[in-house]
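For reference, the structure is listed below as structure tokens.
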Amino acid sequence: MQVSVRDKSSDRCRKIPIIAQGINVIMTVEILAFYISLSFFMKIKKEAHLSFFFIRFKLQQIV
Numbered sequence: 002m003q004v005s006v007r008d009k010s011s012d013r014c015r016k017i018p019i020i021a022q023g024i025n026v027i028m029t030v031e032i033l034a035f036y037i038s039l040s041f042f043m044k045i046k047k048e049a050h051l052s053f054f055f056i057r058f059k060l061q062q063i064v
């Protein structure tokens, strides 16, 4: 019985970081896609650095 309880607790400990990692991966992919699309549109004006500040602003809003 003790072994099964320990296994369950270790499964819980494993599942939480995996979910957190998945959220982090999704967030970084969204931010990268947003940055790529913005930098693509800003290429004509050569103002890609503005999109970086906009991403930082969005991150602050999320956090």
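Numbered according to this note's numbering, the sequence shown spans residues 2 to 64.
Glycine included, C-beta positions come from ideal geometry on N, C-alpha and C.
What you are looking at is a predicted structure, and each value in this text was computed from that prediction instead of being measured.
Please determine if the stretch 52 to 59 and the stretch 15 to 31 are in contact, where contact requires at least 3 C-beta pairs separated by less than 8 Å. no
Got a sec? Which residues, its chain only, sit under 7 Å from residue 6 by beta carbon, not counting five neighbours each side? The predicted model places residue 6 with a pLDDT of 48, which falls under 50 and marks its position as unreliable; any figure quoted below should be read in that light. Result list for residue 6: empty, nothing under 7 Å.
Please report how far the alpha carbon of residue 44 lies from the alpha carbon of residue 24, in whole angstroms. Each residue's alpha carbon lies about 30 Å from the other.
Span separating the alpha-carbon of residue 36 from that of residue 16: 30 Å
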